[in-house]
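Participant:
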Amino acid sequence: MTKKVVVHQIVGHRFLGVNEQGDKVMIDGDQPATGPRPMELLLMALGACTAYDVVDIMRKKKQPLARYRVEVEGERAETHPRRYTRITVTHIASGPGVTLEALERAVHLSHTKYCSVSASLNAEITTRVVLEPWEGEEGEG
1 MTKKVVVHQI
11 VGHRFLGVNE
21 QGDKVMIDGD
31 QPATGPRPME
41 LLLMALGACT
51 AYDVVDIMRK
61 KKQPLARYRV
71 EVEGERAETH
81 PRRYTRITVT
91 HIASGPGVTL
101 EALERAVHLS
111 HTKYCSVSAS
121 LNAEITTRVV
131 LEPWEGEEGE
141 G
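Going letter by letter, the sequence shown gives residues 1 to 141 in full-length UniProt numbering.
1) Note down the Cα distance separating residue 142 from Ile92, rounded to an integer number of angstroms.
2) Have a look at the DSSP bridge pairing and note the partners of Gly84.
3) Can the beta-carbon of Gly35 be found less than 8 angstroms from the beta-carbon of Gln63?
4) Would you kindly work out how many angstroms separate the C-alpha atoms of Leu103 and Lys3, rounded to a whole number?
5) So Thr90 and Val130 are in contact, right, with Cβ under 8 angstroms, and what is the actual spacing, rounded?
6) If you follow the alpha helix (DSSP H) that Met26 is part of, which residue opens it and which one closes it?
7) Are the beta-carbon atoms of Asp53 and Tyr114 separated by less than 8 angstroms?
8) Do you know how far the Cα of Val7 is from the Cα of Ala45?
9) Pull the bridge partners of Ile92 from the DSSP assignment, please.
10) Between which two residues does the alpha helix (DSSP H) containing Leu16 stretch?
11) By the three-class DSSP mapping on this structure, what secondary structure does Glu137 have?
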């Protein structure tokens, strides 16, 4: 399967990325910024890719997540091409009946088997999992 996007220069270091469906994202390197920088988009892509997997896996385990977010932090090399050398992906979730074991397994499967963004990166990627206490009603979620 081949995917194609087009990146149009708007002005200076400000670009508009467009996918085949016509969805657009502003990519910015100018000040004041009107959108994320390319390396920030890479972290966002990693976070979204693994979140997609984790949500699906947890739903299949009959432990749907009521609250969920992914925090991604990348350390960059000092010299060019200043790639990410280390990335930490923290999955923070809660929900009625959600177990730490199931969440850890879902995160592991995403990062080692399913997430294509993770597999495409040349960085050491570590993961953390945080199960927050569920404070809602038992059937809520």
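Positions of the beta carbon are idealized from the N, C-alpha and C atoms, including for glycine.
Facilitator: Looking at the coordinates:
1) Here the chain covers residues 1 to 141 and nothing more, so residue 142 does not appear.
2) The question names Gly, but residue 84 is Tyr in the sequence shown. Beta-bridge pairing links Tyr84 to Arg76.
3) no
4) Roughly 31 angstroms separates the two Cα atoms.
5) 7 angstroms
6) Unbroken run through Met26 is the beta strand (DSSP E), Lys24 to Asp28; no alpha helix (DSSP H).
7) yes
8) 16 angstroms
9) Per DSSP, Arg69 and Val130.
10) From DSSP, Leu16 is part of no alpha helix (DSSP H) but of the beta strand (DSSP E) over Arg14 to Asn19.
11) The answer is coil: DSSP assigns Glu137 none of H, G, I, E or B.
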